[in-house]
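K.L.:
Before we start, here is the structure in question, set down as structure tokens.
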Amino acid sequence: MASRYMHDPGKDHWEAVRWTLRYIKGTIDVGLIFEKDIADKQECTGYVDFDYAEDFDKRRSTTGYIFTLSLAPVGWRSTLQSTVALSMTEVEYMTLTEALKEAIWLQGLMDDLGIEQDFLLVHCDNMSAIYLAKN
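Residue numbering for the sequence shown follows my numbering, beginning at 3 and increasing consecutively.
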């Protein structure tokens, strides 16, 4: 977020950068641990969400997703959408589409690595997607 204002940073932006650097310094010894989970069967799972038009500068929505393998994150993204959505339904579909493209890529990667998985489960709370699936 702070990098968006590199051409003309204000005091608030510098404070955000200082806070970020303090956070990184305090968590330098934190890392990810990948362990085989017999109950989880090495399954990859995705979680998807969005934030509707919360970017006050451009009124764009945020797409966010994370994919885990054995309870550890292996792929994630949080970014502003490239277009301004006209409704929450449109934001939901754009977000889910981006996440499912990543899921398809991860499924192919897992096949290449020899990790067998019949399907990749993606969780979302997008009400429009849920409504369409029920009807």
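Think of the CB as a built atom: it goes at the ideal place given N, C-alpha and C, for glycine as much as any other residue.
Kindly list the residues whose CB is nearer than 7 Å to the CB of Phe-121, restricted to its own chain and excluding five residues on each side of it in sequence; keep chain order.
P.N.:
Contacts found: none.
K.L.:
Roughly how many angstroms lie between the CA atoms of Ile-26 and Thr-91, to the nearest whole one?
P.N.:
Going by the C-alpha atoms only, they are around 36 Å apart.
K.L.:
Looking at the strands, I want to know which residues DSSP matches up with Thr-85.
P.N.:
According to DSSP, which records beta bridges pairwise, Thr-85 is partnered with nothing at all.
K.L.:
Does the segment 108-118 come close enough to the segment 79-91 that 3 or more CB-CB pairs lie under 8 Å?
P.N.:
In short, these stretches do not touch, since the Cβ pair count stays below three.
K.L.:
Could you name the residues of the same chain whose beta carbon sits closer than 7 Å to that of Phe-52, not counting the 5 residues immediately before and after it, in chain order?
P.N.:
So the qualifying residues of the chain are Ser-63, Thr-64, Thr-65, Gly-66, Val-93, Glu-94 and Thr-97.
K.L.:
If I measure Cβ to Cβ from Ala-101 and keep anything under 7 Å in the same chain, skipping five residues before and after, which residues do I get?
P.N.:
For Ala-101, where only same-chain residues beyond five positions count, the Cβ hits under 7 Å are Gly-48, Val-50, Tyr-67 and Val-124.
K.L.:
Name, in chain order, the residues that DSSP records as bridge partners for Leu-71.
P.N.:
Looking at the DSSP assignment, Leu-71 forms a beta bridge with Cys-46 and Ala-74.
K.L.:
Would Thr-29 and Ala-4 be called neighbours here (beta carbons separated by less than 8 Å)?
P.N.:
No, Cβ-Cβ distance for Thr-29 and Ala-4 is not below 8 Å.
K.L.:
Am I right that Glu-45 and Gly-77 are in contact with their C-beta atoms under 8 Å? What's the rounded C-beta distance?
P.N.:
The Cβ separation is near 14 Å, so there is no contact.
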